[in-house]
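Reminder that position 50 of the sequence shown reads as 151 in the numbering used here, one-by-one numbering, no gaps. Using N, Cα and C, we set each Cβ at its ideal position, and we do this for glycine too. These numbers were taken from a predicted model, which means no experiment stands behind them. Following: one structure in structure tokens, then a few remarks.
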Amino acid sequence: MPQSTPEFWKLDLTKLTRAGWLLMLASIATVLGVSVTFLALFAALGWLGNQGNSRPSRLVGGIAVLLGIGAGVGVFSLGQSALARLGLKIMRP
């Protein structure tokens, strides 16, 4: 088994540039926005699980969060490639 640390754990948030911070905030906003949107969509369709309770079931909530995380990852990767094409870096050396 390799003893090296994954690259994700080596991320230093103090080295983010302004473009990097904006990209990270846009990704977080996307995760929250997509999750809330899908919960509202599931509520409108009547898929919340418990009809007598206004709280969503764990499965429906988990699906909404997973969809939000997927959208946030997509926004981050597309934004990172777009910024790289513009010549902007998201991390300082």
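Residue of the options minimising C-alpha distance to residue i
{"i": "Phe-177", "options": "Trp-122, Leu-123, Ser-128", "result": "Ser-128"}
{"i": "Trp-122", "options": "Gly-188, Gln-181, Trp-148, Arg-186", "result": "Gln-181"}
{"i": "Leu-142", "options": "Leu-168, Ser-105, Leu-179, Gly-175", "result": "Leu-168"}
{"i": "Ala-130", "options": "Ala-144, Leu-149, Val-166", "result": "Val-166"}
Residues bridged to residue i (per DSSP)
{"i": "Leu-189", "result": "DSSP lists no partner for Leu-189."}
Residue i classed as buried or exposed, judged by whether at least 16 other C-beta atoms fall within 10 angstroms
{"i": "Leu-114", "result": "exposed"}
{"i": "Thr-106", "result": "exposed"}
{"i": "Gly-163", "result": "exposed"}
{"i": "Gly-173", "result": "buried"}
{"i": "Val-132", "result": "buried"}
Start-to-end residues for the alpha helix (DSSP H) that takes in residue i
{"i": "Ser-136", "result": "119-146"}
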